[in-house]
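Take a look at the structure set out below.
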Amino acid sequence: MSSKFDHKKVMPRYSAIAIIMTIFAIAVVGKALYIMTAKHDYWMKVAERQKKDSVTVKPNRGNILSCTGQLMASSLPEFKVFMDFKALKDAENDSLWDAKQDSICLCLHQIFPNLSESDFKKHLTEGRAKMSRHWPVYPKRVDYNTFTEIKDIPVFRLKPYQSGFHWEEYNARTRTYGSLAGRTIGAMYGAKDTARFGLELSYDSILRGTNGIVHRRKVRNKFLDITDTPPIDGADIVTTIDVSMQDLAERSLIDELKEINANVGVAIVMDVPTGDIKAIVNMEKCFDGEYREIHNHAVSDLLEPGSVFKPASILVALDDGVVDTTYHVETGGGIWPMYGREMKDHNWRKGGYGMLTLAQTLWYSSNIGVSRIIDDHYRNNPEKFVKGIYRTGLHDDLKIPLVGATPARIRMPHRNKNGQYDNWAKTSLPWMSIGYETQIPPISTLTFYNTIANNGKMMRPRFVSKVMKNGETIMEFPPEVMRQQIAKEKSIKELQTILEQVVSLGLGKKAGSPNFKVAGKTGTAQISKGAGGYKSGGTSYLISFAGYFPADAPRYSCIVCIQKSGLPASGGTMCGKVFHEISEGIMAQSLKVDVKDARDSASVFVPDVKAGNILAANYVLSHLGIKTNANWSGSYADGNPIWGKAERVGNHSIKLIREKQYGKTIVPDVTGMGARDAIYNMESRGIKTQITGRGKVVKQSLVPGTVIKKGVVCSIVLE
Numbered sequence: 001m002s003s004k005f006d007h008k009k010v011m012p013r014y015s016a017i018a019i020i021m022t023i024f025a026i027a028v029v030g031k032a033l034y035i036m037t038a039k040h041d042y043w044m045k046v047a048e049r050q051k052k053d054s055v056t057v058k059p060n061r062g063n064i065l066s067c068t069g070q071l072m073a074s075s076l077p078e079f080k081v082f083m084d085f086k087a088l089k090d091a092e093n094d095s096l097w098d099a100k101q102d103s104i105c106l107c108l109h110q111i112f113p114n115l116s117e118s119d120f121k122k123h124l125t126e127g128r129a130k131m132s133r134h135w136p137v138y139p140k141r142v143d144y145n146t147f148t149e150i151k152d153i154p155v156f157r158l159k160p161y162q163s164g165f166h167w168e169e170y171n172a173r174t175r176t177y178g179s180l181a182g183r184t185i186g187a188m189y190g191a192k193d194t195a196r197f198g199l200e201l202s203y204d205s206i207l208r209g210t211n212g213i214v215h216r217r218k219v220r221n222k223f224l225d226i227t228d229t230p231p232i233d234g235a236d237i238v239t240t241i242d243v244s245m246q247d248l249a250e251r252s253l254i255d256e257l258k259e260i261n262a263n264v265g266v267a268i269v270m271d272v273p274t275g276d277i278k279a280i281v282n283m284e285k286c287f288d289g290e291y292r293e294i295h296n297h298a299v300s301d302l303l304e305p306g307s308v309f310k311p312a313s314i315l316v317a318l319d320d321g322v323v324d325t326t327y328h329v330e331t332g333g334g335i336w337p338m339y340g341r342e343m344k345d346h347n348w349r350k351g352g353y354g355m356l357t358l359a360q361t362l363w364y365s366s367n368i369g370v371s372r373i374i375d376d377h378y379r380n381n382p383e384k385f386v387k388g389i390y391r392t393g394l395h396d397d398l399k400i401p402l403v404g405a406t407p408a409r410i411r412m413p414h415r416n417k418n419g420q421y422d423n424w425a426k427t428s429l430p431w432m433s434i435g436y437e438t439q440i441p442p443i444s445t446l447t448f449y450n451t452i453a454n455n456g457k458m459m460r461p462r463f464v465s466k467v468m469k470n471g472e473t474i475m476e477f478p479p480e481v482m483r484q485q486i487a488k489e490k491s492i493k494e495l496q497t498i499l500e501q502v503v504s505l506g507l508g509k510k511a512g513s514p515n516f517k518v519a520g521k522t523g524t525a526q527i528s529k530g531a532g533g534y535k536s537g538g539t540s541y542l543i544s545f546a547g548y549f550p551a552d553a554p555r556y557s558c559i560v561c562i563q564k565s566g567l568p569a570s571g572g573t574m575c576g577k578v579f580h581e582i583s584e585g586i587m588a589q590s591l592k593v594d595v596k597d598a599r600d601s602a603s604v605f606v607p608d609v610k611a612g613n614i615l616a617a618n619y620v621l622s623h624l625g626i627k628t629n630a631n632w633s634g635s636y637a638d639g640n641p642i643w644g645k646a647e648r649v650g651n652h653s654i655k656l657i658r659e660k661q662y663g664k665t666i667v668p669d670v671t672g673m674g675a676r677d678a679i680y681n682m683e684s685r686g687i688k689t690q691i692t693g694r695g696k697v698v699k700q701s702l703v704p705g706t707v708i709k710k711g712v713v714c715s716i717v718l719e
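Here it is in structure tokens:
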């Protein structure tokens with residue numbers, strides 16, 4: 001049987017195909033070798049053109065938290081929104097835009113009432129006519145809540161390649177409580193990731209994190225981000241600041257500054273056993289008459305402290321054994337000649353105090369009494385007295401972690417080769433003993449009083465307690481003892497008794513309380529104007545009160561300093577009043593009862609909850625074991641407040657109801673809120689607030705829902 005396959009006809013065809021494919025393969029390999037060798041440099045340049053340079057990726061900056069974990073400074077997202085009208089046209093959605101344009105403009109007007117529907121229509125029509133690919137929908141950045149509202153507008157809610165709607169995201173540094181402790185918390189330069197001052201600057205390396213690096217490569221005509229080094233987010237710092245105490249101290253101080261028309265006010269609260277700074281207020285009168293935090297006077301003002309220095313002088317004398325509590329000193333009729341000058345007591349026009357005991361020299365703040373005691377016992381050896389002052393820690397560098405902080409300056413007498421003093425006069429010692437010829441910032445003075453309250457153990461003022469990352473502590477800053485004992489225990493106890501008597505029997509009565517014991521000392525000093533002395537251009541005064549409470553078991557120390565022009569000027573009356581309000585408020589806040597101990601199955605267990613940040617309310621209620629019926633998703637730790645109100649459901653649960661808020665350009669309704677939430681709502685919109693009363697907001701001067709005008713002030717009444 002013969003084969004039907006014709007080899008003579010088929011084989012030449014297969015051979016031709018094989019030869020062609022072989023030649024083609026040789027050509028491909030040859031071309032590849034040619035590209036890899038002769039054209040290597042050319043194609044490497046082409047590859048480089050498809051690759052973009054490395055780009056730095058910014059990490060998320062860490063948060064600054066209060067001692068109780070409340071957000072005080074955080075990086076929150078802000079957005080700028082745009083339209084790509086060419087993408088809209090390419091997606092063939094022009095007709096949809098035409099149909100929805102009026103609705104879009106109406107929605108934008110409702111979100112941004114400062115621009116009318118016609119303004120938006122004219123603006124968007126202009127961008128569409130230009131076929132702009134990056135036309136701003138609104139000229140300013142918007143917060144996350146506003147951004148989500150914009151994304152929900154017709155057309156904008158479509159995918160970007162269908163609608164052309166797109167955005168740029170920014171990280172904006174926000175202080176959650178507005179100006180509260182602003183100078184201490186710090187701030188960032190507006191458009192830069194650079195800290196300006198405060199804890200933001202001091203702990204910048206911790207908060208900042210580490211930049212990442214990505215490069216972009218073009219693949220199939222699209223750029224893809226390729227991560228070389230991932231960014232490492234910054235850590236959080238936990239401060240010692242207590243928001244409630246800070247708010248209390250600020251309001252108490254501002255009220256008094258306004259009443260006496262003062263120029264500068266400082267208030268600091270310190271925890272006695274740890275040295276933790278619980279509140280630090282720095283208020284300065286601005287050109288518009290309002291008080292704001294401009295400089296950190298508490299740590300940088302080098303002024304002669306005046307009479308609050310006298311207890312240190314008496315402590316040195318007691319500790320050196322040159323006097324005891326039975327010592328008496330003659331002060332005469334209120335004027336005493338000293339080396340060609342006159343030392344005067346505040347009541348010299350009324351005949352002075354005459355003979356005083358050691359304790360009474362501090363009760364009545366007698367300049368003559370204290371200066372005579374020190375001059376009589378140290379005039380021949382002033383170095384011994386100044387060394388004694390150094391032992392009290394007043395001269396120590398506290399190493400405050402704030403830019404601009406300055407240690408005290410207390411001059412040590414120096415003798416030249418001939419044994420004569422070249423930086424010291426006979427009047428130096430008596431005037432130094434009463435708080436002149438020294439320069440001491442308020443925080444150093446407070447540290448001394450805190451040390452007395454702490455039975456002689458000197459603690460370094462602490463502003464930050466720990467560093468946290470992802471909820472875990474990665475670094476701690478424990479309380480630091482600077483001096484184990486600044487004086488003998490007996491001397492400390494004697495001074496404690498005298499300081500308590502200053503408030504109960506002396507000039508410090510205004511600082512006292514009927515509910516607990518207070519110890520402290522008043523101070524009034526003229527402010528030197530450099531070469532012009534004390535009298536040039538009118539007399540200015542530094543008035544102060546420094547002390548601690550409760551005196552029988554000290555928990556907190558506090559100093560209040562006020563700078564004012566002209567008389568009257570009284571540390572006991574003016575600063576003592578502020579000290580009283582701060583101490584009363586703090587002690588009232590600390591009177592807490594464990595709710596579990598007070599539980600009664602037959603009683604209404606759930607507390608009244610104010611309107612305001614219901615995320616915070618939910619956080620507190622859940623920790624108290626109280627059920628909440630929440631209708632949102634979110635976490636208190638996220639830092640973004642959710643505003644609403646609370647309703648009691650039966651005796652054992654609370655319903656938290658989220659309420660829609662006005663935009664950032666509209667006056668909010670803060671009725672029913674507490675002071676803290678009300679201030680946050682107002683000041684986050686640029687509205688200055690004036691608060692009177694305590695409790696819940698019952699009245700606000702600005703009508704809710706109206707457009708915010710620049711520089712407007714809202715008066716809020718609480719009951």
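Taken in order, the sequence shown gives residues 1 to 719; the numbers are from the UniProt record's numbering.
Note that beta-carbon positions come from the ideal geometry of N, C-alpha and C, so glycine has one too.
Owing to the predicted nature of the structure, the values given are computational and were not obtained by experimental measurement.
Original post:
What separation, rounded to the nearest whole angstrom, lies between the Cα atoms of ALA181 and GLY234?
Top reply: 22 Å
GLU117 to ILE474, Cα distance in whole Å?
52 Å
**Message:** If distances are taken between C-alpha atoms only, which option among LEU446, ASP345 and TYR170 comes closest to ALA298?
**Reply:** LEU446
Minimum Cβ-Cβ distance from VAL322 to chain C less than 8 Å: Of the chains in the structure shown, none is chain C; there is only one protein chain.
To the nearest angstrom, report how far apart PRO704 and LYS151 are at their CA atoms.
25 Å
* Asked: For ILE368, which residues of its own chain have a beta-carbon under 6 Å away from its beta-carbon, when the five flanking residues on both sides are left out?
  -> THR331, TRP336, MET343 and ASP345
* Asked: So, helix, strand or coil for CYS286, using DSSP?
  -> coil
Considering just the uninterrupted stretch of the beta strand (DSSP E) at TYR170, what are its terminal residues? 165 to 175
Short of 7 Å in beta carbon distance, which residues of its chain neighbour LEU394, apart from the five on each side in sequence? Order them along the chain. ALA312, ALA408, ILE410, ILE440, SER444 and PHE448
### Query
According to DSSP, what are the bridge partners of ARG292?
GLU284
Rounded to whole angstroms, what is the Cα-Cα separation between GLY340 and GLY520? 33 Å
Is DSSP giving ARG391 helix, strand or coil here?
helix
TODO: Could you tell me which of LEU356, MET338 and GLY333 sits nearest to ASN347, measuring between CA atoms?
DONE: GLY333
Expressed to the nearest angstrom, what Euclidean distance is found between the alpha-carbon atoms of SER365 and LYS310?
-> 8 Å
Open item on the list: Between GLY306 and SER544, how many whole angstroms is the CB-CB distance? I'm expecting something under 8 Å.
Closed with: 7 Å
Skipping 5 residues on each side, what residues in its chain have a beta carbon closer than 8 Å to that of GLU480? GLY275, MET459, ARG460 and ARG462
message: Using a 10 Å radius around the Cβ and a threshold of 16 neighbouring Cβ atoms, would you call ASP236 buried or exposed?
response: buried
task = Can you give me the Cβ contacts of HIS414 inside the same chain, cut-off strictly under 8 Å, excluding the 5 residues immediately before and after it?
result = TYR421, ASP422, ASN423 and TRP424
Distance check for ILE185 and THR176, CA to CA, integer angstroms please. 11 Å
> What's the C-alpha gap between GLU149 and LEU88?
Replying inline: 20 Å
- Nearest residue (CA-CA) to ARG141, options SER371, GLN485 and PHE79: PHE79
#### Entry: Length at least 3, wholly inside the stretch 43 to 114: the beta strand (DSSP E) runs in chain order
51 to 57 and 71 to 83
Euclidean distance between Cα positions of SER15 and ALA27: 18 Å
Item checked: Same chain only: Cβ atoms within 7 Å of ASN114, ignoring 5 sequence neighbours per side -> THR665 and VAL707
Q.
Between the alpha carbons of SER120 and GLN162, how many angstroms are there, rounded?
A. According to the sequence provided, residue 120 is Phe. The question's Ser does not apply to it. Each residue's alpha carbon lies about 21 Å from the other.
Closest residue to GLU581 among ARG251, VAL502 and LYS710 (Cα-Cα distance): ARG251
- Message: Helix, strand or coil, according to DSSP, for ASN420 in the structure here?
- Response: According to the sequence displayed, residue 420 carries Gln and not Asn. In this structure, GLN420 counts as coil in the three-state DSSP scheme.
* Residues in its own chain within less than 7 Å of PRO273 by CB, not counting five upstream and five downstream? -> ASN454
* Cα-Cα separation, GLN501 to PRO668 -> 49 Å
How is ASP690 classed by DSSP in three states: helix, strand or coil? Contrary to the premise, residue 690 reads as Gln rather than Asp in this sequence. Three-state result, GLN690: strand.
query: Leaving out the 5 sequence neighbours to the left and right, which residues in its chain are closer than 7 Å to GLY109 when beta-carbon positions are compared?
result: Per the sequence shown, the amino acid found at residue 109 is His instead of Gly. Excluding residues within five positions, the ones whose Cβ falls inside 7 Å are LEU115, SER116, GLU117 and PHE120.
Compare the C-alpha of MET482 against each of TYR189, THR392, VAL464 and GLU489 and name the closest.
THR392
message: Whole angstroms are fine: how far does the CA of LEU106 sit from the CA of GLN70?
response: 38 Å
Under 6 Å Cβ to Cβ from VAL578, same chain only, skipping five residues before and after it: list those, please.
-> SER252, LEU253, GLU256 and VAL560
Q) By DSSP, does GLY212 sit in helix, in strand, or in coil? A) strand
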